[in-house]
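Read in our numbering, the sequence shown has 182 at position 82, and its numbers run on one by one without any break. Structure, as structure tokens:
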Amino acid sequence: MLVLGGGLKRREKLSARLGDVLSYMYLCSAALKRYEDQGRQQADLPLLEWSVWDAMFRAQNAIEGVISNYPSRLVGWFLRLVIFPLGRPYVVPSDRLGHEVARLLIAPSGTRDRLTAGIYLPKTESEPIGCLEAALEAAIRAEGVEQKIRAAQKDGRLKAAGAEEIARAGLAAGVISAGEHALLERAAQLRNQVIRVDDFPQDFGIPRALQPALKATA
């Protein structure tokens, strides 16, 4: 502010980067407060660590952008020396930490329940979110059955190609039971339903569009 003064308003990219830094600091504060308010749940620690590391890394990049594009090279050099005396300390969250976070999000747990607390979660499969939750539950229940089939494939007992053919071959060979085969079928059905985000019939909207013409003809 001493160098730029009111000119900071006209340098929109610099002021926007400083705004980004403020936003990421707010996100860090919100994540820390949530962790504290919920009793410092040890299981939630990976989520907190990932959130803080990611926000601080992005804030660091924004500060680097301010320094690199500062109008005065001398002041920019001084700011870099003060802010990053030992270099840039923050890096992107590690893949190991990302895997821990993903594991917490894709399996039922207290951590996942705390994250979704207060969110409307429909139970009917006709609703997109309800279908997604049902698909997740079905996929988890089918994991043990899929392990049996993979083991039978390695042993050479099953040689069919394609998921449906392998499941039917496993049922015929006695590798899995009828109930386990039903679990696989339900998981596959829900999975296919979930991934059809842009699936529409070929005549979608045509009957409604033709209604005025049909009325006029009548």
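Even for Gly, the Cβ is constructed at its ideal location relative to N, Cα and C.
Which residues share a DSSP beta bridge with residue i?
{"i": "G187", "result": "P185"}
Alpha carbon to alpha carbon, what distance is there between residue j and residue i?
{"i": "Q142", "j": "S209", "result": "13 Å"}
{"i": "G218", "j": "E136", "result": "18 Å"}
{"i": "R173", "j": "P222", "result": "57 Å"}
{"i": "E237", "j": "L197", "result": "24 Å"}
{"i": "W177", "j": "L114", "result": "16 Å"}
{"i": "I167", "j": "I206", "result": "40 Å"}
{"i": "R246", "j": "Q293", "result": "Checking the displayed sequence, the identity of residue 246 turns out to be Glu instead of Arg. Taking the straight line joining both Cα atoms gives about 20 Å."}
{"i": "Q302", "j": "K259", "result": "37 Å"}
{"i": "G187", "j": "G256", "result": "56 Å"}
{"i": "E164", "j": "L181", "result": "12 Å"}
{"i": "L179", "j": "R286", "result": "60 Å"}
{"i": "E264", "j": "L204", "result": "29 Å"}
{"i": "H199", "j": "R296", "result": "26 Å"}
{"i": "V201", "j": "D213", "result": "14 Å"}
{"i": "A267", "j": "A251", "result": "13 Å"}
{"i": "T216", "j": "L232", "result": "14 Å"}
{"i": "R140", "j": "S129", "result": "14 Å"}
{"i": "G270", "j": "R291", "result": "20 Å"}
{"i": "S194", "j": "T211", "result": "20 Å"}
{"i": "K254", "j": "D144", "result": "37 Å"}
{"i": "Y170", "j": "G119", "result": "15 Å"}
{"i": "A273", "j": "A261", "result": "15 Å"}
{"i": "S226", "j": "K315", "result": "33 Å"}
{"i": "Y220", "j": "D298", "result": "23 Å"}
Who are the near neighbours of residue i in its chain, counting only those whose CB is closer than 7 Å to its CB and skipping five residues on each side?
{"i": "F157", "result": "Y190, V191, V192"}
{"i": "K248", "result": "V275, I276"}
{"i": "A131", "result": "L148, S151, V152"}
{"i": "V121", "result": "A159, A162, I163"}
Keeping to the same chain, check which residues put their C-beta closer than 6 Å to that of residue i; ignore five residues upstream and five downstream.
{"i": "T224", "result": "G230"}
{"i": "Q160", "result": "R188, Y190"}
{"i": "A239", "result": "A287"}
Excluding the five sequence neighbours on either side, which residues of its own chain have a C-beta within less than 8 Å of the C-beta of residue i, listed in chain order?
{"i": "L127", "result": "S151, A155"}
{"i": "R241", "result": "L283, A287"}
{"i": "Q138", "result": "D144, R214"}
{"i": "M125", "result": "A155, A159"}
{"i": "L235", "result": "In the sequence as displayed, the identity of residue 235 is Ala instead of Leu. If we look at A235 and ignore the five residues flanking it on each side, its Cβ neighbours are A287, L290, R291, Q293, V294."}
{"i": "I183", "result": "I163, I167"}
* Asked: Of all the alpha helix (DSSP H) runs that stay within the bounds of the region 260-287, which reach a length of 4 or more residues?
  -> 263-272
* Specify whether the region 273-291 and the region 305-317 touch according to this definition: at least 3 beta carbon pairs, one from each stretch, less than 8 Å apart. => no
* **Whole runs of the alpha helix (DSSP H) within the region 201-269, excluding any shorter than 4 residues** => 210-215, 228-255
* **beta strand (DSSP E) runs contained entirely in the region 120-150, provided each spans 3 or more residues** => none
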